[in-house]
Each structure stands twice: as C-alpha cells, then as structure tokens.
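Novice:
There are 2 protein chains.
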Amino acid sequence: MTRVNRTEDRAVITVDAHARAWSPKTARARFRDGLAGPTAGVAAGHTQANLIAVPADWAYDMLLFCQRNPRPCPVLDVTDAGSAATVLAEGADLRTDLPRYRVWQDGELVDEPTDVRAYWRDDLVSFLLGCSFTFEWALARAGVPIRHVEQGRNVPMYVTGRECRPAGRLRGPMVVSMRPVPPEHLGTAIRESSLLPAVHGGPVHCGDPAGLGIGDLGRPDFGEPVTFADGDIPVFWACGVTPQAAVMASRPPFAITHAPGRMFLTDARDEQYRLAGID
Amino acid sequence: MTRVNRTEDRAVITVDAHARAWSPKTARARFRDGLAGPTAGVAAGHTQANLIAVPADWAYDMLLFCQRNPRPCPVLDVTDAGSAATVLAEGADLRTDLPRYRVWQDGELVDEPTDVRAYWRDDLVSFLLGCSFTFEWALARAGVPIRHVEQGRNVPMYVTGRECRPAGRLRGPMVVSMRPVPPEHLGTAIRESSLLPAVHGGPVHCGDPAGLGIGDLGRPDFGEPVTFADGDIPVFWACGVTPQAAVMASRPPFAITHAPGRMFLTDARDEQYRLAGID
C-alpha cells in the first residue's frame, strides 16, 4: 500500500483567531485564491468533509462501499456526475475550493495540486464524507481532553487488520484514528461520539491495539504519534481515510481526493449532525 | 398515483403469542411454506425490513435516492445483483421468505404473489430498508401509548406535498406515518425515535397536517384512520412506503416489493439499531 508523505500529512492544528472566525464561504474563497494550509479549526463549528471523486462507472461501487461500511464512510452528500456543486455549500466549486487535492491514477498518487480544474472530467461523481473534526468538537465541548490537539499534532491513524465489507470492485482495510482518553472521560467520549452517527459515530474499539491488528501505536500509518498521559486508554474510531485506502487497494483508473488535513468546508453546522443528520 | 388496495393494506396488529415468540428463522420458514399473514408482532424484538428490488440498471439511482432521503429510506442492506441472500438473515431466501410480495411493471401493480421465484431476474438488486415497527417497539417500551395498536388498526400513512430529493430517474413524494401522541409523552416519543436514526429517526413534523400538505387525517392514503384521545398531538414520521411511491411516480420497468404489513424478518434485534446500527 502506498504510504502518504509524512511531511505533507502533518496538519497544524492551531489556526489564528481570524481563520477560526471565518465564515465557510470566506474560507472557501481563501482556498480558491490559493491558500493551501490545513483546515483544522477553520470556520469553527462548521462541518468539514472528506472528498473522494470517482468516475461514474465506479460510483455505484463507491456508494455501496459507503453503505456497507457506514462507520468509516458516512456519506454527507453525493453530487450528480460532472457537477462541482453540492447542496452542503451554496456557490461552492469542489474543483477549486479545497486547500489541496490528491490525484490518483490506478491507485497511485500522481499529483497534489491546489486546484483540479485541469484534471476534472464530466463523468466524475463526488462523495463528501463526514470527518472526525465534527465529533472532536463534541468531545471537547463535553470536557474530554483531546491529546493530539493539546500537543499540536495531527491525529494518529492506523491501517487495521479488519477488512471492510467489499462492494463490487472496491475493497480495503478499515483505517482508524486513535485518541488517548482518561478513564473518567471514557463514558462521555463514547456517548458524545455515538450521538453523531452521521460522522463516524461511537468508537469501534477501546484498549489493546492488537484487537484491531495494530502493532505499535508509536508508528501510525498516517498522521503523527501522540503522547499518553498516565492512565489514558487508547480509543479507536473509524476514519474517513478508509476510502483513500480502498482506492490504493482497489486501484480504480482515476480518483481525486482532498489532501490529508485539507478538508472541504461546508455551510452545515456540526450541531446539525447530532443524531439525525440534516433534513 | 396508484392507490393500493385498502383491504389488502390492512395489517392485523395482534398476532397470537405463539407467533410472537417465534425465532426469525421459524417465521421465515412459515412464510416460505405459504403463511401469508401480516408480520406485526411476529418474532417480537427482531428487526423487520421493507423490501424493494430493482434491476441493476436502476440500483445506483435507488441507492442514491436512499442516501439523499435517509429519513424515509434508511438502508439496512443491499444485496449483490441476482442474489437472494442477505447478511441480515442467515440462510434466508428473499424470493420466498416474505409472506406476500407486490410485483410492479412500469410503475403499475401487476401481481401480489406469496413467492416471487417465477418473477426473479439475475439482475435484481434488493434493498432492505428500516421499518417503523422498530421505533414503535422503543416508544412502547418507554411507555408511549401507540393508538393504532390499541385500536387494532394498521398505522395511517399519508402522501405528503413534500418532494423527496430526486436521484437520477427516481423522484416522488415523501410518505409519512402518523401517530397521535399525548403531550406529556411527546418528549419521550421524539427522543426515543431520534435514538434510532437507522430506522427513520425522529419525527419530520408535529401538529397541523397542513404543514405537510395533508388535507384530512381521516382519509389516509395507506393503512387505516386512527382515533385521537383528547389532547393527542399528531406526530409524523418519514415512512418506508416512500420508495414504493417513488416506483409509482418514476415507473422503472420492473420492481418487486413486500406487500404492506408483510415485512421481511431479519435476525437482527431492534436494540442493535439504537444510535449506531450494526457494525
């Protein structure tokens, strides 16, 4: 499996107060104008989304893969073929409004541009998937310490030994993110994330990483290692990088995704995804 | 729009204690052997599902329609083309194990057999969708009176003036079920159903039916009228009949669905759909 570039993968967690207060529309305009930085903390309170665009010929397999693996692949919107518009963000252009993209051919990363108009095809169907930034907001609001944020690091992510349920030509391992949680906050962390089933929901595993086939928490496959405080329990959530792992494993002829940490800013508010999703 | 046969639509709510205690496997065997009655209350505590099978050529439109309208169309499983098996029920055969089916050609109801082996096609993709029986169980357990059950009637369902978000060639109105709820139970009813986002979730509307474009609660489009107790508030939930309404409106060349009130018995337990769905 292709390993992503560690340097590029690093998302600086803190943004200046200015970017935190941006509207999603302002944030998209800045990214469209060329700003290429990470989006963690930008337009705080608004929902960020993973992007994966595949040719229409692969769209049914991708949608079915997401339906069969809703924890790692919670679908927030699917565009019509060729359209760069989404109901989740008025006036947005998915080809230009993300800070940085990844372009994949036959499962290999071939480019990381800040604009994909030159790569766009009329048969591309874009999937916007929920992102853990939404449940981190809920955890933080409930007083759960978020260690990787405290430490200014990108969340560590691991390829597990657990295979997703395949769909057509798409298969691949589940990828998880891991957060150390103090035992006294474990109940709150599980409850608050479970109340957000549209954005990964509750954890898929707690405790011994061997239960997911993960060898060494100090060597994540994506992101950065995080330091545990005494007594912290490792808690694992299904991760939106999973469809990228499926692209690497299944090698569709073409795909475009966001670059790690460079998400799509929607107009939706995180709060709208509590329990029900947006009507 | 085709109106379904009122007599056939009537589901007797009470089943004998024997059928209530059946395992899902026993229930499926009885239906396979020709028992054609309604399934309300059968194998209590186990999840029942709406069935809609369409040709593979229409499967992407149907899956996208469900993704775009998750309240009325909560997908529990999608089969591979031609397969009559589902991960939700070991050893089940979707062609024989429901009590009664409806066969549709060009959006018109053409047959209501108890077995669809003669109609089966190798390109059929089956969708199993969540059913309100699951959240009724949760409401009843929390002490909310279920008026139509008390009155031994099928739940009243209404075609609303609210259009679903279309997907490809599929479009149609949202269909809702309505339950009168005493005001002192309204909070519980909303909370308990909201905790089941995988099976319709919380209500889409409360109070004046005109808000949904419904004229007369005494004249439901499917099911039977229910009597209100003094002070009861009408509460409306998105309904799994919606995809049948989409079939009637969009006229795919062929489709098979369950007959109203004659659902598919899965091995899953209702409790497993609280918040997270089945992993």
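Keeping their order, the protein sequence lines are chains A and B.
Going by this note's numbering, the first sequence opens with residue 64, and the numbers climb by one from there.
Going by this note's numbering, the second sequence opens with residue 64, and the numbers climb by one from there.
Glycine included, each C-beta is placed from N, C-alpha and C at the ideal position.
#1: Please go through the same chain and pick out, in chain order, the residues whose beta-carbon is closer than 7 Å to the beta-carbon of residue 265(A), but skip the five residues on each side of it.
#2: On the three-state DSSP scale, how would you describe residue 336(B)?
#3: Does the beta carbon of residue 212(B) sit closer than 7 Å to a beta carbon anywhere in chain A?
#4: Taking the alpha helix (DSSP H) that residue 165(A) belongs to, which residues open and close that run?
#5: Compute the distance between the beta-carbons of residue 301(A) and residue 244(A), then report whether it is under 7 Å.
#6: Can you give me the start and stop residues for the beta strand (DSSP E) that residue 240(B) sits inside?
#7: Find the residues of chain A that neighbour residue 130(B), judging by a C-beta separation of less than 7 Å, and give them in chain order.
#8: Between residue 142(A) and residue 163(A), is the Cβ-Cβ spacing less than 7 Å?
#9: Measuring straight from C-alpha to C-alpha, what distance separates residue 123(A) and residue 161(B)?
#10: Can you list, in chain order, the stretches of the alpha helix (DSSP H) that have 4 or more residues and sit fully within the stretch 230–312 of chain B?
#11: Assuming contact is defined by CB atoms lying nearer than 7 Å, are residue 165(A) and residue 320(A) in contact in what I supplied?
#12: Where does the unbroken beta strand (DSSP E) through residue 173(A) begin, and where does it stop?
#13: Taking the beta carbon of residue 294(A) as the centre, do at least 16 other beta carbons fall within 10 Å, making it buried, or is it exposed?
#14: Who are the Cβ neighbours of residue 185(A) in its own chain at under 8 Å, not counting the five residues just before and after it?
#15: So, at 8 Å on beta carbons, what are the nonlocal neighbours of residue 108(A) in its own chain, with the 5 sequence-adjacent residues on each side left out?
#16: So, do the stretch 126–137 of chain B and the stretch 100–107 of chain B have three or more beta carbon pairs nearer to each other than 8 Å?
#17: Considering only the beta carbon of each residue, do residue 286(A) and residue 220(A) sit closer than 7 Å?
#18: The alpha helix (DSSP H) with residue 213(A) in it runs from where to where?
#19: Leaving out five residues on either side along the sequence, give the residues of the same chain with a beta carbon under 7 Å from the beta carbon of residue 182(A).
#20: Cβ of residue 338(A) less than 7 Å from any chain B Cβ?
#21: If you draw a straight line from the alpha carbon of residue 88(A) to that of residue 204(A), how long is it in whole angstroms?
#22: Could you name the residues that DSSP lists as bridge partners for residue 317(A)?
#23: Rounding to the nearest angstrom, what Cα-Cα distance links residue 72(B) and residue 206(B) in this structure?
#24: If you run the structure through DSSP and keep just helix, strand and coil, what is residue 118(A)?
#25: Quick check: is the beta carbon of residue 260(A) nearer than 7 Å to any beta carbon in chain B?
#26: Can you list, in chain order, the residues of its chain with a C-beta nearer than 6 Å to that of residue 248(A)? Leave out the 5 residues immediately preceding and following it.
#27: Give a yes or no on whether 7 Å exceeds the smallest Cβ distance from residue 221(A) to chain B.
#28: With a cut-off of 8 Å, do at least 3 Cβ pairs link the stretch 303–312 of chain A to the stretch 273–283 of chain A?
#29: Which same chain residues, not among the five before or five after residue 315(A), have their C-beta less than 6 Å away from its C-beta?
#30: Residue 214(A): which of 292(A), 223(A), 263(A) and 137(A) sits nearest, CA to CA?
#31: Tell me the rounded alpha-carbon separation between residue 288(A) and residue 273(A).
#32: Quick one: residues in its chain with C-beta nearer than 7 Å to the C-beta of residue 337(B), no 5 flanking neighbours on either side, listed in chain order?
#33: Using a Cβ-Cβ distance cut-off of 7 Å, determine whether residue 313(B) contacts chain A.
#34: Compare the C-beta of residue 257(B) against all C-beta atoms of chain C and say whether one is closer than 7 Å.
#35: My output table needs one value for residue 126(A): the three-state DSSP class, helix, strand or coil.
Specialist: Working from what's here:
#1: 253, 256 and 257
#2: helix
#3: no
#4: Element bounds for residue 165(A): not the alpha helix (DSSP H) but the beta strand (DSSP E), 164–168.
#5: no
#6: 236–244
#7: 126, 138 and 141
#8: no
#9: 27 Å
#10: 246–257
#11: yes
#12: 171–174
#13: exposed
#14: 144 and 145
#15: 200, 332, 333 and 334
#16: no
#17: yes
#18: 210–213
#19: 166 and 319
#20: yes
#21: 24 Å
#22: 168(A)
#23: At residue 72(B) the pLDDT is 41, less than 50, meaning the model places this residue with poor confidence and gives no usable figure here.
#24: strand
#25: yes
#26: 207
#27: no
#28: no
#29: 117 and 121
#30: 292(A)
#31: 17 Å
#32: 258 and 259
#33: no
#34: Given the protein chain composition of this structure (A and B), no chain C is represented.
#35: helix
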